[in-house]
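Take a look at the structure below.
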Amino acid sequence: MKLKAIVLAMTTALAALALTGCGDDGDTGATGTAGQNGADGQNGADGRDYTAVNQWYTAGQATVANASETSVSDPKGRAKNIILFVGDGMGVSTLTAARIYQGQQRGESGEENRLSFETFPYSGLVKTYSSNQQTPDSAPTMSAIMSGVKTKDGIVSVSDDAVRGTCTSGQGHEVMTALELAEIAGMSTGVVSTARLTHATPAATYSHSVERNWEADSNMPQAALDAGCHDIASQLIDFPYGNGIEVALGGGRSYFMPSSETDPEYGRAGRRNDGRDLTAEWTSKYTDGAYVWNREQFLAVDTSSTHHLLGLFENSHMQYEADRADDGAGEPSLAEMTSRALDVLKQNDKGYFLMVEAGRIDHAHHAGNASRALQDTVALSEAVRVAMEKADSDTLILVTADHSHVFTIAGYPVRGNPILGLVRGVDGSGEAAATYTTDSNGMPYTTLGYANGPGFGFGNDPMNTDSYRPDLNLYDVTDVDYRQEATVPMGSETHAGEDVAVYARGPGAQLVTGSVEQNMLFHVMNYAADLAARAEANQN
Amino acid sequence: MTLSPAHTWRNLATLFKAGALFGLFSANAFAAVAAKADSPICPAATLNGSQHFGVQYQLSGAQHGTLQLLRRQAQTAYFNPGNGVGEWWNFSVAEHPSFIRVFAKQQRRIDYYMGDLRTLNIHVSQPEIESFAAAHLRSQLRHKGAGSCADSQVYEGDYQQVHYRLLWSDSLQLPLQLTTEHKGQIKQWQASKIMPAREVDMLLSRWQQFADTDYADIGDNETDPFLAQMINQGFIEHSEHAVYNSNGQPMSGQHIH
Ligand SMILES: [Zn+2]
């Protein structure tokens, strides 16, 4: 298998992936060719190439191989570029509610609206379970999307041979990501997120860590540092492939700053104990590089001469879209970041790979705050729309989520009922009822709610003693800060285990159909853009 | 929704209730603390106008406890040495205050950014936080004349069915004594110690070293035992929403107003 040869040629920490033993390719796909024997592999227990033996990898590859033989079929490698959009925690109910919300913001009924990517010609359902959990977190799910390999919760782009939090257990089990292959292939690459760039989802594109929380060296135990593991932020700057990542835009500034420096926006100290100023290293490493930390600087960047752009717009996560206008230093929107990222990336004749994450849909849901989750989902839709306009037709665009949330759309509201509002049903003639629909105790309820989370009970407020529910007539349930009710009391609402959606357009999009394993999405990208072969070719 | 000053005071009172898991007070913390009925300590004249000091308050009467107010310029923290729980506000950027909840026993912190506070519906009033929730209250009471300490004033009156007597320090802009009477139940907060600046610095710099987690990240850290406790048992928020006890039951009335 071609990936093997590429891996063998690497002289980095990932050289541990290099493999001995398996001379034949073990590839169940139709298009694989035999690889070379590895000479000096020192990886894990079996000394074999994970791309030949890892069940997740080979199964996903086989699915793509079969799908590629269907009637509508772009040949392998038709896509020059790939843009992958991920809504963190953007389950199907979030998409439905956000679609209605966006339509109603425009004064429409809402249900008939389509988010930008809902117009894509291909879609499918994605099974999100991780290799050890029925309901996963972002680390194994994004690892699956980026590498073709499902892994355990909390682990970032290292196979499930590793044990979470044990540095040595992951060494030699790092899995190659689509972004890394793109860099080796000479393509330009970008990572954009409203979360910290070191957060699990963006981290899984460019780094390898057995613990998602190892975002700066100060977050790591000494034993892990002694054993040679590296924090996630440093892996972005020390990225060893190609000519380095071209665009990295998001939050998480403090993880890139030494503890001796204070944040320009918050006055808080940096989180690096190793004394490294990674933002300064970026501009010294890349002579065509720039570092910006607010919207004004960002908009002033000359993208024709800046070929490595680092933007860190918050100390931690960027603001929710609902609060962005109130940010002290000013932050670009997800659409603005996507647009400028494409300006930089499109200059490379060899193509590009861009990952864009709406990272805070997840956080708003955890807080039980539907309005912010929906507004961030609409912001993702806007970012996709920008990409649809800017990207050329030889670009595969995927839009998906890493996992869902326990978020529900309940009752029988009349068509056009405010999605954040109380349920008002229809009367006998099918028209909007005169009064709100009520529960078995005569109390109104909202369309949107959560199966668990902090929205259980309303503290000291008037409570109906039969239903033990607050009287929502007394609340402005459509307020942006309103917290929807939850059935089970928890300080933080949880992820959910049902499938998420994937939408696709462009060359190779026809591979996205039916119900698929999440790790299959890597294979779709790899097939569509022939990443592994291009990476190999570019090395020779 | 903006938190009214009276609401802030109620929140301090709410935190005080027994059974609160992550409030500044827990029932156990009070048991060991004996009530003191002495007269309040008077601040030294050198503290006049200072923004760098601490005041330790002793609560006596129907409930007992200790609460320290720490002030360092735009930062104000409330800390209960009994259970090691603190709430630390920073108003350096007044429109966007930052908030940190401190758990000294676990040496952990939860950091709240602007968006986090908004999702929790926390709209805090800087004057109320900085005045031990007495700024608005003072304006509602009758001025009764000079108090027992230099630069102090006595206020008294009824506000929302509670009778208040307030000994206010003009130099600290804080209460030295605050007595409440509601349905025959009397509680008294009394300044028992003025803490020097270095003691404030020591506490704040120790908290600065604690392992911190963003509030937004709690939901993704269910395997961290400390955070799992936060997820599963909930916390006491400065909010009308989501105030419930370890059994998941909404905490009942007993408002102080
Ligand atoms: Zn999450």
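Taken in sequence, the protein lines are chains A and B.
If you count by the numbering used here, then the first sequence holds residues 879 to 1418, one letter each, in order.
If you count by the numbering used here, then the second sequence holds residues 264 to 520, one letter each, in order.
Each residue gets a CB set at the ideal place from its N, CA and C atoms; glycine is no exception.
Quick caveat, the model's predicted, so the values are computed rather than measured.
Do you know whose CA, among the options, lies nearest residue i's CA?
{"i": "A/Phe1117", "options": "A/Arg1090, A/Thr1140 and A/Ala1082", "result": "A/Ala1082"}
{"i": "A/Ile978", "options": "A/Val1355, A/Ile1287 and A/Leu1114", "result": "A/Ile1287"}
{"i": "A/Glu1192", "options": "A/Asp1357, A/Gly1128 and A/Thr1165", "result": "A/Gly1128"}
{"i": "A/Glu1280", "options": "A/Tyr1323, A/Asp1152 and A/Val970", "result": "Reading off the sequence shown, one finds Asp at residue 1280 of chain A, where the question assumed Glu. Nearest option by C-alpha distance: A/Val970."}
{"i": "A/Phe1231", "options": "A/Ala937, A/Gln1362, A/Met1024 and A/Thr974", "result": "A/Met1024"}
{"i": "B/Tyr427", "options": "B/Gln436, B/Asp433 and B/Val417", "result": "B/Val417"}
{"i": "A/Gly1335", "options": "A/Gly1369, A/Asp1354, A/Asp1359 and A/Arg1302", "result": "A/Gly1369"}
{"i": "A/Met1196", "options": "A/Arg926, A/Phe995 and A/Leu1075", "result": "A/Leu1075"}
{"i": "B/Gly347", "options": "B/Ala409, B/Asn484, B/Thr329 and B/Gln338", "result": "B/Thr329"}
Assign residue i to one of two classes, buried (16 or more other C-beta atoms within 10 Å of its C-beta) or exposed (fewer than that).
{"i": "B/Ile449", "result": "exposed"}
{"i": "A/Tyr1290", "result": "exposed"}
{"i": "B/Asp477", "result": "buried"}
{"i": "A/Ala1411", "result": "buried"}
{"i": "B/Lys446", "result": "exposed"}
{"i": "A/Asn1295", "result": "buried"}
{"i": "B/Met465", "result": "exposed"}
{"i": "B/Ser302", "result": "exposed"}
{"i": "A/Ser951", "result": "exposed"}
{"i": "B/Arg405", "result": "exposed"}
{"i": "B/Gln321", "result": "buried"}
{"i": "A/Asn959", "result": "buried"}
{"i": "A/Asn944", "result": "exposed"}
{"i": "A/Val1366", "result": "exposed"}
{"i": "A/Arg1218", "result": "buried"}
Show which residues of chain B have a CB atom less than 7 Å away from the CB atom of residue i.
{"i": "A/Gly1032", "result": "Thr486"}
{"i": "A/Tyr1198", "result": "Gly378"}
{"i": "A/Glu1371", "result": "Gly482"}
{"i": "A/Ala1242", "result": "Thr382"}
{"i": "A/Ser1211", "result": "Result: empty, since nearest Cβ-Cβ is about 15 Å, beyond 7 Å."}
Tell me whether residue i sits in a helix, a strand or coil according to DSSP, three-state version.
{"i": "A/Ser1217", "result": "helix"}
{"i": "B/Trp351", "result": "strand"}
{"i": "A/Gly919", "result": "Bear in mind that the predicted position of A/Gly919 carries a pLDDT of just 40, short of 50, making it unreliable; the figure below should be weighed with that in mind. The answer is coil: DSSP assigns A/Gly919 none of H, G, I, E or B."}
{"i": "B/Lys446", "result": "coil"}
{"i": "B/Phe473", "result": "coil"}
{"i": "A/Gln983", "result": "helix"}
{"i": "A/Leu1212", "result": "helix"}
{"i": "B/Asn484", "result": "coil"}
{"i": "A/Ile1110", "result": "helix"}
{"i": "A/Val1366", "result": "strand"}
{"i": "A/Leu1298", "result": "coil"}
{"i": "A/Val1304", "result": "strand"}
{"i": "A/Tyr1164", "result": "coil"}
{"i": "B/Asp421", "result": "strand"}
{"i": "A/Val1053", "result": "coil"}
{"i": "A/Trp1171", "result": "coil"}
{"i": "A/Asn959", "result": "strand"}
{"i": "A/Asp905", "result": "Caution is warranted here: a pLDDT of 38 is assigned to A/Asp905, below 50, making its placement in the model unreliable, and the coordinate value is therefore given only provisionally. DSSP places A/Asp905 in coil when its eight states are reduced to three."}
{"i": "A/Arg1383", "result": "strand"}
{"i": "A/Phe1176", "result": "helix"}
Just to make sure I have the definition right: I need the residues of chain A whose C-beta is within less than 8 Å of the C-beta of residue i. Which are they?
{"i": "B/Tyr418", "result": "Those within 8 Å of B/Tyr418 in chain A number zero; the least Cβ separation is about 27 Å."}
{"i": "B/Met493", "result": "Gly1369 and Ser1370"}
{"i": "B/Ser388", "result": "Here the premise fails: no neighbours, minimum Cβ distance about 16 Å."}
{"i": "B/Ala479", "result": "Ser1194, His1195, Arg1238, His1241, His1244 and Ala1245"}
For residue i, which residues in chain A fall below 9 Å Cβ to Cβ?
{"i": "B/Leu383", "result": "Ala1245, Asn1247, Pro1332, Asp1359 and Arg1361"}
Looking at the unbroken beta strand (DSSP E) that takes in residue i, where does it start and where does it end?
{"i": "A/Ser1001", "result": "Tyr1000 to Lys1005"}
{"i": "A/Phe1331", "result": "Note that residue 1331 of chain A is Gly in the sequence shown, not Phe. First-last of the beta strand (DSSP E) with A/Gly1331: Leu1326 to Gly1331."}
{"i": "A/His1401", "result": "Looking at the DSSP string, A/His1401 is not in any beta strand (DSSP E); the run it does join, the alpha helix (DSSP H), is Met1398 to Ala1407."}
{"i": "A/Glu1420", "result": "No answer is possible for residue 1420 of chain A: it lies beyond the span of chain A, which begins at 879 and ends at 1418."}
{"i": "B/Gln319", "result": "His315 to Gly324"}
{"i": "B/His406", "result": "Arg405 to Ala409"}
{"i": "A/Glu1395", "result": "Gly1392 to Glu1395"}
{"i": "B/Leu333", "result": "Gly328 to Arg335"}
Output the boundary residues of the alpha helix (DSSP H) element that contains residue i.
{"i": "A/Lys1268", "result": "Ala1248 to Lys1268"}
{"i": "B/Gly378", "result": "Met377 to Thr382"}
{"i": "A/His1241", "result": "Ile1239 to His1244"}
{"i": "A/Tyr1084", "result": "Ala1078 to Tyr1084"}
{"i": "A/Phe1191", "result": "Segment: none, A/Phe1191 is in no alpha helix (DSSP H) and carries neither H nor E."}
{"i": "A/Val931", "result": "Tyr928 to Val931"}
Run through chain B and tell me which residues come within less than 8 Å of residue i, C-beta to C-beta.
{"i": "A/Asp1204", "result": "Glu358, His359 and Met377"}
Find the residues of chain B that neighbour residue i, judging by a C-beta separation of less than 9 Å, and give them in chain order.
{"i": "A/Ser1016", "result": "Asp483"}
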